[in-house]
Amino acid sequence: MDEMYKRQHFLTPQRYQRFLENYQESRAFLQDNRLQANSDEQEAVFRARHTKGWAFDHVLISYTAGVSIDTLPALLAVLIDEYQQLQHKMAVYTEAPDVAPLNLDDVEEHHECMQVISLCILLGRHDLLERFVALMDNGGYAEQDTLYEDLLSRVLPDRYDVDEWYQDYATPLVQTIYATSPEQAASRLQGYCEQWYEHFLHASWYDTHGDDISGYVGYWSFEAAAVALLYSIDTRALLHVIFPHDLLEHARKLPVYQAIRWECLGDAEDPQEDEEVIDEEDDEDSDDDFAYDIKAAGVTLSDAIDAGNIPHLAQALNTYDTVEAILALNLAGNAQEQDDAYFDLALALLGWVPGPGHGLKRVLRLVNRDPQKHAEQLYDLLRHVLLNCKLKTSPDALLEESLNAEVLRAELAQIIMAVCASATFLALDEQRQALVLSDLEQAGEHLDDLIERIDERLMPWLAVQRNSSAEASGSSLRIPAQTSKPQSRRVDSLREHGTVSTHPAATDAGKLSREQINPAATSNWLELSLDDGKLGGVPGAAYKVIFADGSIAEGHLNNLGHIRLEGVPFGPAKVYYGEDPRPYQRQPIKALDSSAALIDRDLRSLGFIPSKLDRDDLYAETTGRIAPYCELNALWWEWASARYHGH
């Protein structure tokens, strides 16, 4: 394996060599030994499944290791042969001649099927695809799964239009195919890649990259690349470790795919239509049994708010949240309920901060609801908020600038103006309207106390952050430092990660980067990577390396949270990681027009039919006022289509 060209940094030369050795040993073992089974027919199935598994892993690890794409079709052909052998053995054992070699009811086997189909497509081997699909079709899977059919319909004749699918992990990818604009398709594909790894929490290969003993062969979403290819989705801004960019670029150069162009397969609406026409269309499309998945819709709204795409709807959500927080405060009984209600009101006001305010509020509510479960991931979640908002700064800077009582107090008049003009406020009786206005004015007088309540709850959460500057330097919110800080220009934003060793570089100068002017001077290398605990890298994180000879290297990780340093001194080195040192430039709060027409326009821009949404339920879900709707990274899924009826 060439270290210079491996496609995922988790793979080490030792792991790759061990796989190749074990692969050969396994083949030799099966030639001379029998597997334990109850019958010859069952043993043949076990043997065929074992051999197929090795062949499948061989394709994956070969791609991960950086082999030439031109060598992959031969490995794929061997794999298809193994599927045919497996199907034959299963047919004999089960006495079902057409039994499929993979079970799409099983999430891991469903994904394996999509990977094989996608590899055949990306490598331009439609002959292999036809052989594999025949096995699955004959087994009863034709016309059963949307993703299966939508991959095949672009390359094979006489496929089917299906509106249901077997596995939840495929939902965001299906919705990518049915996006209503190229920009929405690109955004949904990014969202799919971001949540991909966590969907396979119980897969046999999950978390195998942690050491050199487990069976890691690569984490790849070939199906995402195949969808990007077949539906002409722009992936230039897609930066994720699981996305096979070079394989997609190889496929796009194949003659068979040259004519593909993006087309709208979703239910796009004309934004120029007036409200009366749209309402008529809503009535025409009515379905008594139709209902949006409110949890999924809440995720979609949160993504759009973070991106700044729906300002009028965001204000309506903030108004709802603020009014509900005030009403809850006045219903609080004992001291603990009052303290919780004050904290909740402080978060509702924090949500008005343009850009990351909404995401920050949701994250703090999530952690507050179950600190034992979520506190450790606080900074990881905030990094996702910053990523969604396209902000280049750190969680520390975000918290410090957002939790500024003086600035928020100066903007309270804008909040009150927006609240008074909102449908939520106008729907209240006079007594409650007076209560809301009175409490908002009092909140302005006591904003320091409200922000302090957030600070108090934050302190123990900040103390347990894994990938943050809090551990080394203390936080901006008065957490005492726990370890000494390195002396560097980023002394306040780096923490010690540990001691590592540099490695000898390849001796073949021809394999060195073309940018290396003097190969003889490049004797060693060091790879740095920082992940968020969920496989996703921490993009742009600052690093500092102190080498054995006292020399120092500083910089920032790339967009995948990874970098390789060449020509470094040999021996142990101390590595410090931190955050993006740039400050957070907070935008001012401004009241906007809150007309129903503008709010409905924002909803329709996300593909929703306004008349079919329960606003109170949607607002409660999106603001996080009710129990969290999904786990951690899944907070940012884009998953909102009425087409999904699922199994």
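Residues 23 to 669, numbered by my numbering, are exactly what the sequence shown covers, in order. Glycine included, every Cβ here is placed at the ideal spot set by N, Cα and C.
How far does the beta strand (DSSP E) with residue i in it extend, from its first residue to its last?
i: lysine 566; result: 564-569
i: leucine 587; result: 584-588
i: alanine 575; result: 574-578
Going by DSSP in three states, residue i sits in which element: helix, strand or coil?
i: alanine 354; result: coil
i: serine 412; result: In the sequence under discussion, the amino acid at residue 412 is lysine, which differs from the serine named in the question. Correct three-state label for lysine 412: coil.
i: alanine 595; result: strand
i: leucine 635; result: coil
i: glutamate 216; result: helix
i: glycine 379; result: helix
i: arginine 231; result: Here residue 231 is histidine; the residue named in the question, arginine, does not match the sequence. Correct three-state label for histidine 231: helix.
i: glutamate 297; result: Because glutamate 297 sits at a pLDDT of 39, beneath the cut-off of 50, its placement in the model cannot be relied upon, and the following sentence gives the value as read from the coordinates. Three-state result, glutamate 297: helix.
i: histidine 468; result: coil
i: glutamine 30; result: coil
i: glycine 12; result: In this structure the chain extends from 23 to 669, so residue 12 is not present and cannot be described.
i: glycine 371; result: The sequence shown places leucine at residue 371, rather than the glycine named in the question. Helix.
i: threonine 505; result: The pLDDT assigned to threonine 505 is 31, lower than 50, so where the model puts this residue is not dependable; a value taken from the coordinates is nonetheless given after this. Note: threonine 505 maps to coil in three-state DSSP.
i: alanine 329; result: coil
i: serine 175; result: coil
i: tryptophan 483; result: helix
i: isoleucine 611; result: coil
i: histidine 224; result: coil
i: valine 458; result: helix
i: serine 663; result: Residue confidence for serine 663 is low, a pLDDT of 29 falling below 50, so the modelled location carries little weight and cannot support an answer.
i: asparagine 340; result: helix
i: alanine 656; result: Model confidence at alanine 656 stands at a pLDDT of 32, short of 50, so the residue's coordinates are unreliable and nothing is read from them.
Quick test of your reading: residue i and residue j, contact by CB under 8 Å. State the CB separation rounded to the nearest angstrom.
i: leucine 151; j: glutamine 106; result: Not a contact, Cβ separation roughly 13 Å.
i: serine 324; j: arginine 384; result: 7 Å
i: leucine 211; j: alanine 246; result: 6 Å
i: alanine 248; j: alanine 208; result: Their Cβ separation, rounded to whole angstroms, is 15 Å, which puts alanine 248 and alanine 208 out of contact at 8 Å.
i: threonine 198; j: tyrosine 214; result: 6 Å
i: glutamine 607; j: proline 376; result: No, glutamine 607 and proline 376 are not in contact; Cβ-Cβ is about 11 Å, not under 8 Å.
i: leucine 126; j: cysteine 135; result: 6 Å
i: alanine 440; j: alanine 273; result: Contact flag wrong, Cβ pair sits at about 49 Å.
i: alanine 427; j: aspartate 470; result: 5 Å
i: glycine 562; j: lysine 414; result: 7 Å
i: leucine 430; j: aspartate 477; result: So it is not a contact: roughly 14 Å between Cβ atoms.
Between which two residues does the alpha helix (DSSP H) carrying residue i extend?
i: isoleucine 235; result: Neither: isoleucine 235 is in no alpha helix (DSSP H) and is coded neither H nor E.
i: tyrosine 105; result: 94-116
i: valine 278; result: Careful: valine 278 lies outside any alpha helix (DSSP H) and carries neither H nor E.
i: tryptophan 76; result: 62-87
i: threonine 193; result: 193-199
i: phenylalanine 154; result: 148-158
i: histidine 267; result: 267-274
i: isoleucine 438; result: 434-442
i: arginine 40; result: 35-54
i: aspartate 167; result: Looking at the DSSP string, aspartate 167 is not in any alpha helix (DSSP H), and its letter there is neither H nor E.
i: threonine 202; result: Note, threonine 202: premise wrong, no alpha helix (DSSP H); not H, not E.
i: serine 140; result: 129-144
i: leucine 261; result: Taken as a continuous stretch (DSSP letters only), leucine 261 belongs to no alpha helix (DSSP H), as it is neither H nor E.
i: glutamate 422; result: 417-424
i: glutamine 394; result: 393-396
i: isoleucine 621; result: 618-627
i: valine 249; result: 244-252
i: phenylalanine 447; result: 445-448
Which residue or residues does DSSP assign as beta-bridge partners of residue i?
i: lysine 317; result: DSSP lists no partner for lysine 317.
i: serine 551; result: His584
Against chain D, does residue i count as a neighbour if the rule is that its beta carbon must be under 8 Å from one of theirs?
i: leucine 430; result: Absent here is chain D; the protein component of the structure consists of one chain.
Original post:
Between the stretch 84-104 and the stretch 251-269, do at least 3 Cβ pairs fall closer than 8 Å?
Top reply: In this structure the stretch 84-104 touches the stretch 251-269; the number of beta carbon pairs closer than 8 Å is three or more.
Subject >> Cβ pair count under 8 Å reaching 3, the stretch 158-171 against the stretch 222-230 >> reply: Between the stretch 158-171 and the stretch 222-230, the count of C-beta pairs closer than 8 Å stays below three; the two stretches do not touch.
Original post:
Can you find at least 3 beta carbon pairs, one from the stretch 49-58 and one from the stretch 87-104, that sit closer than 8 Å?
Top reply: No, because fewer than three Cβ pairs between the stretch 49-58 and the stretch 87-104 fall closer than 8 Å, the two stretches do not touch.
Original post:
Touch check for the stretch 569-583 and the stretch 380-396: three-plus C-beta pairs under 8 Å?
Top reply: No, the stretch 569-583 does not touch the stretch 380-396.
**OP:** Determine, using beta-carbon pairs with one atom in the stretch 422-441 and one in the stretch 458-474, whether at least three such pairs fall under 8 Å.
**Re:** The answer is yes - the stretch 458-474 touches the stretch 422-441, with three or more Cβ pairs under 8 Å.
Subject >> Cβ contact (3+ pairs, closer than 8 Å) linking the stretch 325-339 and the stretch 357-365 >> reply: Contact fails: fewer than three Cβ-Cβ distances are below 8 Å.
Subject >> Touching by the beta-carbon criterion (3+ pairs, under 8 Å), the stretch 341-355 and the stretch 438-446 >> reply: Result yes; three or more Cβ-Cβ pairs closer than 8 Å.
**OP:** Indicate whether the contact test is met: 3 or more Cβ pairs, each with one atom in the stretch 394-402 and one in the stretch 625-633, closer than 8 Å.
**Re:** In this structure the stretch 394-402 does not lie against the stretch 625-633, because fewer than three pairs of beta carbons, one per stretch, are closer than 8 Å.
**OP:** Take every Cβ of the stretch 113-122, pair it with every Cβ of the stretch 69-76, and state whether three or more of those distances are shorter than 8 Å.
**Re:** The stretch 113-122, when compared against the stretch 69-76, does not touch it at the 8 Å Cβ threshold.
Original post:
Touching or not, the stretch 545-552 and the stretch 580-589, by the rule of three or more beta carbon pairs under 8 Å?
Top reply: Put simply, the stretch 545-552 touches the stretch 580-589. At least three CB pairs are less than 8 Å apart.
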